[in-house]
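Let me begin by presenting the structure, written as structure tokens, before commenting on it.
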Amino acid sequence: MSAVPDEPAVRLRPMVVEDLPEVMALERRLFPHDAWPEQFFLDELDHTQGERATRRYWVLTEPVADDPRTDERLLGYVGMMCVLPLADVQTIAVAPEAQGRGLGTRLLRLVVDTAAVWGAEQVLLEVRADNDGAQALYTREGFTHIHTRRRYYPDGTDALIMQKPLTDLNAPSSASQLR
Ligand SMILES: CC(C)(COP(=O)(O)OP(=O)(O)OC[C@H]1O[C@@H](n2cnc3c(N)ncnc32)[C@H](O)[C@@H]1OP(=O)(O)O)[C@@H](O)C(=O)NCCC(=O)NCCS
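Note that the sequence shown covers residues 1 to 179 in full-length UniProt numbering.
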């Protein structure tokens, strides 16, 4: 697995409601045809709260020195749903001007690692069949194409379901090894 360059200025933290104006601006830039509505993010963030939380959302930001209105700029975000034994990458996005420097890899690995800590057996995601860049990232990170949802997107493009196993699903479980 290749290393992600360490960028000390880049900060990773949980997404909060106050991030949504910047998140929505980036969402609309990156997904002009199927951007999530803001309410969808609000509902997702609701599910990050409490002991029975099924979601985690993070943002990557960098400091800005030249804007009196803010001290940080959004570089990207990612969301995970985990209802055992499955975890899903709900969304992943990196600002166009910050792409290609390892941030997407970092966000994806964060979901995979968190899913493993939560005890998920596999991570699933959905990607447009015409999104070669994202598919290259997922393949490099150990995801394989397991299913196609024909004409899933509003413009008729297929959705590819990709999966990364976190455990050897054929291995005997520790419970059965005890017998
Ligand atoms: C997909 C995305 C999150 C990747 O983020 P990123 O920060 O550019 O990713 P990285 O810099 O970690 O690159 C990782 C790998 O992604 C692949 N990749 C990313 N963009 C690519 C592109 N435009 N063309 C080809 N490969 C690309 C490459 O395999 C790259 O590995 P490499 O650097 O060894 O060649 C980002 O391009 C993005 O936000 N795209 C628009 C939104 C989107 O499509 N999200 C995914 C929805 S399923």
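For every residue, glycine included, the Cβ atom is placed at its ideal position computed from N, Cα and C.
Assign residue i to buried or exposed, taking buried as 16 or more other Cβ atoms, counted over all protein chains shown, within 10 Å of its Cβ.
i           : result
L84         : exposed
I146        : exposed
E44         : buried
F31         : exposed
T148        : exposed
F40         : exposed
G104        : buried
V127        : buried
residue 222 : A question about residue 222 goes unanswered here, because the residues of the chain that appear run from 1 up to 179.
R56         : buried
Rounded C-beta distance between residue i and residue j? I'm assuming under 8 angstroms.
i    : j    : result
V10  : L74  : With a Cβ gap of about 11 angstroms, V10 and L74 do not count as contacting.
L20  : E38  : 6 angstroms
L86  : A136 : Actually they do not touch by this definition, with Cβ atoms about 24 angstroms apart.
L166 : F143 : About 11 angstroms separates the two Cβ atoms, so there is no contact after all.
M80  : D88  : 7 angstroms
C82  : A115 : 6 angstroms
D34  : Y153 : 6 angstroms
L107 : G76  : 6 angstroms
W58  : L26  : Between L26 and W58 the Cβ distance is about 14 angstroms, and since that is not below 8 angstroms, they are no contact.
T91  : V112 : Incorrect: roughly 15 angstroms between the Cβ atoms, too far for contact.
**Q.** 3-residue-minimum beta strand (DSSP E) runs that sit fully inside the UniProt domain "N-acetyltransferase" (10-167), ordered along the chain
**A.** 11-14, 55-63, 72-83, 86-94, 122-128, 144-149 and 159-165
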